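Okay, so here's the structure we're looking at.
2 protein chains.
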Amino acid sequence: MKGEITFRLAVEEDIETIVAMLADDALGRERERCEQPLPDSYVKAFKAISSDPNNELIVACDGEGIIGVFQVTFTPYLTHQGGWRATIEGVRTAASVRGQGVGTELITWAIQRAKDRGCHLVQLTTDKKRPDALRFYEKLGFQATHEGMKLKL
Amino acid sequence: MKGEITFRLAVEEDIETIVAMLADDALGRERERCEQPLPDSYVKAFKAISSDPNNELIVACDGEGIIGVFQVTFTPYLTHQGGWRATIEGVRTAASVRGQGVGTELITWAIQRAKDRGCHLVQLTTDKKRPDALRFYEKLGFQATHEGMKLKL
């Protein structure tokens, strides 16, 4: 890692780098298509995310470029007296900086962002095939109080 | 249950009935405030939900009124080749109709709505203190592949 980490909203020129990071992962490589040219579905999704005030695709950068990414979604609910929640998804750090605490900085930043947006809760689901990720989030204060259930369509 | 179940978007006049249903539950009664007048935070949240094209607060009605509620959020992600997901939250059925299959109709409707919106996945988290809910969702095809982690702010 070179220098301080800074955070900013992703821009369209970042998509290729982000998809390469998403694909550079045991689970990600089975489901992403990191090709040239990039499938148009990624660009469409990026535009949908960046035009939605309740979705933020955030990149973390060091002096040399993007070293981490995640998406945070802010959702209003009637439950909990009409409380807003922040949902974190698609968290990845670059292979070159793993083990240097970048993930902790990412999630710490996301938690602060959720506070700034007035959320009462931050939530995420983590695949049971990633036991290290579970321990990582527990260290940051998350509790695995819920089952994360998925249905593929 | 009286007659066929129909589904529609909730309107502001439904909020009191919905909050009463959210509060009529072992976990819900600790966190909701079903008072007269209703805390303004519920109305504010309702307005935020109903003005967001990616959020739908749905009520199920029989011939006599509202018998079920849930919220579904549609979210674009870069992951899964830029796929959209539907997240279901705040599912409740009226105590008067429990055990009559209303929950199954609610979730089946939500799954179809997710398909209509082009989602590749439907997801939800269910509190580990609700083992019956886990079995209910498993019967409908959901798999508890993930840990659902929460951090209160």
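Read top to bottom, the protein sequences are chains A and B. Residue 60 in this note's numbering is what sits at position 60 of the first sequence, and the numbering runs on without skipping anything. Residue 78 in this note's numbering is what sits at position 78 of the second sequence, and the numbering runs on without skipping anything. Cβ atoms here follow ideal geometry from the backbone N, Cα and C, with glycine treated the same way. Predicted model only: the values in this text are computed from it and were never measured.
For D132(B), the enclosing alpha helix (DSSP H) begins and ends at 131–139. Within the model, the alpha-carbon separation for T79(A) versus R29(B) is close to 11 Å. The beta-bridge partner set that DSSP reports for P76(B) consists of W84(B). The criterion of a C-beta distance shorter than 7 Å is satisfied by R117(A) and F74(A).
DSSP lists V72(A) as the beta-bridge partner residues of E56(A).
Assigned with DSSP and collapsed to three states, V91(A) falls in strand. Contacts between G82(B) and chain A, judged by CB atoms closer than 7 Å, involve S41, Y42, K44, A45 in chain order.
At a cut-off of 7 Å between beta-carbon atoms, Q123(A) makes contact with chain B.
Listed along chain A, the residues sitting closer than 8 Å to R31(B) by beta-carbon distance are T79, H80, Q81. Under a criterion of Cβ atoms nearer than 8 Å, the residues of chain A adjacent to T126(B) are, in order, H146, E147, M149. P37(B) is outside the set of residues whose beta carbon lies under 7 Å from a beta carbon in chain A. Within the segment 104–120 of chain B, contact with chain A at the beta-carbon level (separation under 8 Å) is assigned to I111, A114, K115, C119, H120. The beta carbon of L57(A) sits closer than 6 Å to the beta carbons of A10, I49, Q71 from its chain, once the five residues preceding and following it are set aside; these are given in chain order. By a beta-carbon distance limit of 8 Å, M1(A) does not contact Y137(B). Their separation comes to about 41 Å.
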